[in-house]
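Going left to right, the sequence shown walks through residues 1352 to 1743 as the working numbering numbers them. Step one of this worksheet: look at the structure below.
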Amino acid sequence: MLGTLAATSPLAMDIYLPALPEVSRSLHASAATVQLTLTACLAGIALGQLVVGPMSDRWGRRRPLLTGLGVYLVATALCTFAPNVATLIALRLVQGLAGAAGIVIARAVVRDLYDGVALARFFSTLMLITGTAPIVAPLIGAQVLRFTHWRGEFVVLTVAGAALAALVWLCLPETLPPARRDDGGVGQALRTMRRLLADAPFTGYLLVSGFAYAAMFAYISASPFVVQEIYGASPQTFSVLFGINAAGLVITGQVNGGLLVGRVALDKVLGAGLMVAVIAAIALLMMSVGVFGEVGLVPVAAALFVLVSAMGFVMPNSQSLALLRTRHAAGSASALIGTFSFVGGAVASPLVGVAGEHTAVPMAIVQLVCAVAAVACFMILCSPWRTHADVP
1352 MLGTLAATSP LAMDIYLPAL PEVSRSLHAS AATVQLTLTA CLAGIALGQL VVGPMSDRWG
1412 RRRPLLTGLG VYLVATALCT FAPNVATLIA LRLVQGLAGA AGIVIARAVV RDLYDGVALA
1472 RFFSTLMLIT GTAPIVAPLI GAQVLRFTHW RGEFVVLTVA GAALAALVWL CLPETLPPAR
1532 RDDGGVGQAL RTMRRLLADA PFTGYLLVSG FAYAAMFAYI SASPFVVQEI YGASPQTFSV
1592 LFGINAAGLV ITGQVNGGLL VGRVALDKVL GAGLMVAVIA AIALLMMSVG VFGEVGLVPV
1652 AAALFVLVSA MGFVMPNSQS LALLRTRHAA GSASALIGTF SFVGGAVASP LVGVAGEHTA
1712 VPMAIVQLVC AVAAVACFMI LCSPWRTHAD VP
């Protein structure tokens, strides 16, 4: 249930990626403008977590979560009837703001219940579901498009969201007792976040996660146009490639949580994943600018597969290490982690389209810059060769 909660917003954000060209034609908008619907949802998820995280530390997990799910359902249902792209962008922003509750509170619940190796292992499973969702979503969306148009995607999301809200209402208990809640108000929440950000390793892992998400969403945002417009693949082929990448992410996530956590230091696994991502991003950029001459879809897809698979080591471990830095204010810590991650995605998504929809160079540049920046933050701020005390 926690995995589904954390995956709902990423799923809603990306399920209609195969339909972006159809949305562009239906609403008479350019590809760059339609991509703003993705950016708006990303921005909403990022900002919403900053609000919901401290709220959940003050009022518990259930009330903010159920309220967020209710608003998410209304916004999603209204997306079905959006008459123009401006309305769709606004509704997607609200959808992201409300859907953020599921992401931030799912992580906070895990921190409420687990610690140490148990937290890292459970969080790896949670992040496996969360990280797979935006990649599996287009695969689901492509199949939905076989039976309906792009508006039908939001009907499916509304029905699924209603079922999830009912499940949460019936089955999710309160995990933050009143004695452990923070009643200091907005000022206290801001001081807590400032204290967390003052801790260099916490901020380092935060930025690593943010840059990793930026690289991932650069791929998610640009790939529909790269695969379908540049290489002429069908929506079904595009969804199959997404499915293969999802499988790679699942495999590395399972290896991470099932075999490596508790046996190999999380910092070592994180560092290895970052280096693999850098190598894959360099290869992708070289192919995009023509260093190897004309290349087909297969080599590009292989480089993307390696890059996405590396995220199975990067995303869960960076966020687990950040949460392990603090034993208190799990909601605020989770909010900062999620906000930085999705802000990275929101910034990267429009950048990949600056040169139009007929070149993969911007996507490759964004991914390489993000991968290198993540390595720099890891080495400079986290200093993985040192032992750090937890945030008080």
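Glycine included, each C-beta is placed from N, C-alpha and C at the ideal position.
{"Item": "Rounded straight-line distance, which links the Cα of G1421 to that of S1407", "Value": "16 Å"}
{"Item": "Helix, strand or coil at T1677 according to DSSP, with G and I counted as helix", "Value": "strand"}
{"Item": "D1550 burial status per 10 Å Cβ neighbour count (16 or more: buried)", "Value": "buried"}
{"Item": "Those runs of the alpha helix (DSSP H) which lie wholly inside the stretch 1545 to 1618 and span at least 4 residues", "Value": "1551 to 1576 and 1586 to 1606"}
{"Item": "Whole-angstrom C-beta distance between G1450 and S1316, which should lie under 8 Å", "Value": "Limits of the chain in this structure are 1352 at one end and 1743 at the other, which puts residue 1316 out of reach."}
{"Item": "C-alpha gap between V1612 and L1541, whole angstroms", "Value": "33 Å"}
{"Item": "Neighbour-count burial assignment, P1743, 16 or more Cβ in a 10 Å radius", "Value": "With a pLDDT of only 49 at P1743, under the threshold of 50, the placement of this residue in the model should not be trusted; the figure read from the coordinates follows. Exposed, by the Cβ-count rule."}
{"Item": "Assigned exposure category for Q1670 - 16 Cβ within 10 Å defines buried", "Value": "buried"}
{"Item": "Where P1743 falls: helix, strand or coil (DSSP)", "Value": "In this prediction, P1743 scores a pLDDT of 49, lower than 50, which makes its location untrustworthy; the coordinate-derived value is nonetheless stated afterwards. Of the three classes helix, strand and coil, the one that applies to P1743 here is coil, per DSSP."}
{"Item": "Element boundaries [alpha helix (DSSP H), containing D1534]", "Value": "Unbroken run through D1534: none, as it is neither H nor E."}
{"Item": "Alpha carbon of G1555 to alpha carbon of I1731, nearest angstrom", "Value": "8 Å"}
{"Item": "CB-CB length for V1629 against V1726, believed under 8 Å", "Value": "6 Å"}
{"Item": "Per-residue DSSP class, three states only, for P1372", "Value": "helix"}
{"Item": "Exposed unless 16 or more other CB atoms sit within 10 angstroms - verdict on M1662", "Value": "buried"}
{"Item": "Cut-off 7 Å between Cβ atoms - residues of its own chain near V1723, not counting five sequence neighbours on either side", "Value": "V1629"}
{"Item": "Nearest-angstrom Cβ-Cβ length linking G1608 and L1464, presumed shorter than 8 Å", "Value": "Not really, about 16 Å apart at Cβ, beyond 8 Å."}
{"Item": "9 Å Cβ cutoff met for L1658 and P1586", "Value": "no"}
{"Item": "Inter-residue Cα distance where the pair is L1402 and A1686", "Value": "A small fix is needed here, since residue 1402 is Val in this sequence, not Leu. Computed Cα separation, rounded: 8 Å."}
{"Item": "Under the three-state DSSP convention, the category V1646 falls into", "Value": "coil"}
{"Item": "Beta carbon of R1458 nearer than 9 Å to that of A1681", "Value": "yes"}
{"Item": "Burial state of G1467 (16 or more Cβ within 10 Å)", "Value": "exposed"}
{"Item": "As assigned by DSSP and simplified to three states, the class of Y1423", "Value": "helix"}
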